[in-house]
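These notes are about the structure you will find just below.
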Amino acid sequence: MIDETLIQDIIKSKQDPVYFIEKYCKILHPRYGIITPSLYDKQKELVQEILNYPFLIILKSRQIGVSTLYALVSVWMLIFFPKFRIGIISRDKNEAISFAERIERALLSVPEILYGGFLENNKFNKKLGNESEIIVSAPVKHALRGETLNYVILDEVVAMNFIEHIYQSVFYTIQHNFVNLENGELKPIKNIPSGISLISTGGIIDWKHPASCRGAIWFKQKWEEALSQSGDIKFKPIRIHWSETPFFNSEWYEKQKEILNYNEDMIKTELECEFVEKSLDEVAYAELHEVKQLKFPNVKFKEIPYDKFVQEK
26 MIDETLIQDI IKSKQDPVYF IEKYCKILHP RYGIITPSLY DKQKELVQEI
76 LNYPFLIILK SRQIGVSTLY ALVSVWMLIF FPKFRIGIIS RDKNEAISFA
126 ERIERALLSV PEILYGGFLE NNKFNKKLGN ESEIIVSAPV KHALRGETLN
176 YVILDEVVAM NFIEHIYQSV FYTIQHNFVN LENGELKPIK NIPSGISLIS
226 TGGIIDWKHP ASCRGAIWFK QKWEEALSQS GDIKFKPIRI HWSETPFFNS
276 EWYEKQKEIL NYNEDMIKTE LECEFVEKSL DEVAYAELHE VKQLKFPNVK
326 FKEIPYDKFV QEK
């Protein structure tokens, strides 16, 4: 027999995902090991946005806990909405698998009575006893096509060079959850979480080589559409900067800059939530400037073979 106190706690947990996360879930912290999460204010706000808005686009600094939060909210969805199906795509297959493993670790910290254990558990598919399911895919053109999903998480979008195909593919996996309103907007049919979240840091757009940065181009376009509410699907834009977290300070910022080798473009995109666009002229100018900075020894080329000189340099 289930304890009455547990029953009341389960009811409260379903009504309040933040309460559930902070009481039942565990995460693997890179410094402190396995800990109980304590969500900061911006994370708590994001939980409410996930529940209230089906389409979110999140521009964030690196390593501020957004992906971890989505893993924890996914656990709440999977437990309290039987037969709930979540699709996960990240920058590559291994990152997507890693994302699903975060969800699995958090699930294993929750009393098994809440979800009935695992019916299936492998790298690409995790099905619970209540028939809720996580499906993982690499960022290929037709990712998750043919699936019927309730929620899709696209993590590190700027790294997905097939993002326009991926987005079109995954949109059809969730369309059964919505009805078209007269104003053209989509409204969830049932009172359960539904939608798509696009998550990423900023990106570098090199117009000299646009094929190499299609993900960044697409994400920037979607971000600007969300800011102006001009897209066909109205995504809500959410920007989360590292300075909005309670545990990162100037010392952390300086350490991250060191990790990024003080690369100004990487600092802007990875830490400052910015997009860096390089036009053809800017690229050419940067290359010319780099050449001008080269230091050549004061030697006569006839004394050193040219190919040997190049190798030594």
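Under the working numbering, the first residue of the sequence shown is numbered 26, with each subsequent residue one higher. Backbone N, C-alpha and C fix where the C-beta goes; we use that ideal spot for every residue, glycine too.
Do the CB positions of I265 and V91 come within less than 8 angstroms of each other?
yes
Does the separation of the CB atoms of A121 and A163 fall below 8 angstroms?
yes
Just reading off the alpha helix (DSSP H) that P213 is part of, what are its end residues?
Note, P213: premise wrong, no alpha helix (DSSP H); beta strand (DSSP E) at L211 to P213.
Which same chain residues, not among the five before or five after N175, have their C-beta less than 8 angstroms away from its C-beta?
M102, F106, F109, R110, I111, I199, N202, I217, P218 and S219
Within its chain, find whatever has a CB closer than 8 angstroms to the CB of D21; leave out the 5 residues flanking it on each side and keep chain order.
With the chain represented from 26 up to 338, any question about residue 21 goes unanswered, as that position is not in the structure.
Taking the straight line between their C-alpha atoms, what separation do you get for N288 and I138?
49 angstroms
Okay, do the region 60-74 and the region 266-281 touch, 3+ Cβ pairs below 8 angstroms being the bar?
yes
Measuring alpha carbon to alpha carbon, tell me which of G58, C298 and Q193 ends up nearest I263.
C298
Straight-line CA distance for G240 to E283?
26 angstroms
How many Å lie between Q33 and V135 at the Cα?
16 angstroms
In whole angstroms, what is the alpha-carbon distance linking H234 and K85?
24 angstroms
Does K57 pass the burial test, meaning 16 or more other C-beta atoms within 10 Å, or should it be called exposed?
Note on residue identity: the sequence assigns Tyr, not Lys, to residue 57. Exposed, since its Cβ has fewer than 16 Cβ neighbours within 10 Å.
F260 and V183 - do their beta-carbons sit closer together than 8 angstroms?
no
CB-CB under 7 angstroms to K317, same chain, minus the five flanking residues each way: which ones, in chain order?
Annotation note: pLDDT 49 at K317 (below 50); position unreliable, coordinate value reported separately. Contacts found: none.
How many whole angstroms separate the CB atoms of L153 and I160, which I take to be in contact at a CB cut-off of 8 angstroms?
Their Cβ separation, rounded to whole angstroms, is 13 angstroms, which puts L153 and I160 out of contact at 8 angstroms.
Since F203 sits in a beta bridge, which residues does DSSP pair it with?
P213
Mind checking K247: buried by the 16 CB within 10 Å criterion, or exposed?
buried
Let me check understanding here. Comparing Cα to Cα, which of S222, I128, E276 and K48 lies closest to I258?
Residue S222 holds the alpha-carbon nearest to the alpha-carbon of I258 among S222, I128, E276 and K48.
How many Å lie between E189 and E29 at the Cα?
50 angstroms
In terms of residue numbering, what span does the beta strand (DSSP E) encompassing V98 cover?
Note, V98: premise wrong, no beta strand (DSSP E); alpha helix (DSSP H) at V91 to F105.
Assign F196 to buried or exposed, taking buried as 16 or more other Cβ atoms, counted over all protein chains shown, within 10 Å of its Cβ.
F196 is exposed by the Cβ-count criterion.
How should S255 be labelled, buried or exposed, when 16 other C-beta atoms within 10 angstroms of its C-beta is the threshold for buried?
exposed
Spatial neighbours of I242 within its chain, please: C-beta separation below 7 angstroms, excluding the five flanking residues on both sides.
I230 and P235
Is the separation between the beta-carbon of F300 and that of G228 shorter than 8 angstroms?
With contacts defined by Cβ atoms closer than 8 angstroms, F300 and G228 form a contacting pair.
Excluding five sequence neighbours on each side, which residues of the same chain lie with their C-beta closer than 6 angstroms to the C-beta of R127?
Result list for R127: A96, in chain order.
So the candidates are V165, I178 and Q281; which of them puts its Cα closest to the Cα of N186?
V165
Work out the CA separation of C238 and W232 for me, nearest whole Å.
Rounded to whole angstroms, the gap between the alpha carbons of W232 and C238 is 8 angstroms.
Straight-line CA distance for F212 to E279?
The sequence given here places Lys at residue 212; Phe does not occur at that position. Each residue's Cα considered, the two are about 44 angstroms apart.
Inspect the beta-carbon positions of W267 and L296 and report whether they are closer than 8 angstroms.
Less than 8 angstroms separates the beta-carbon of W267 from that of L296.
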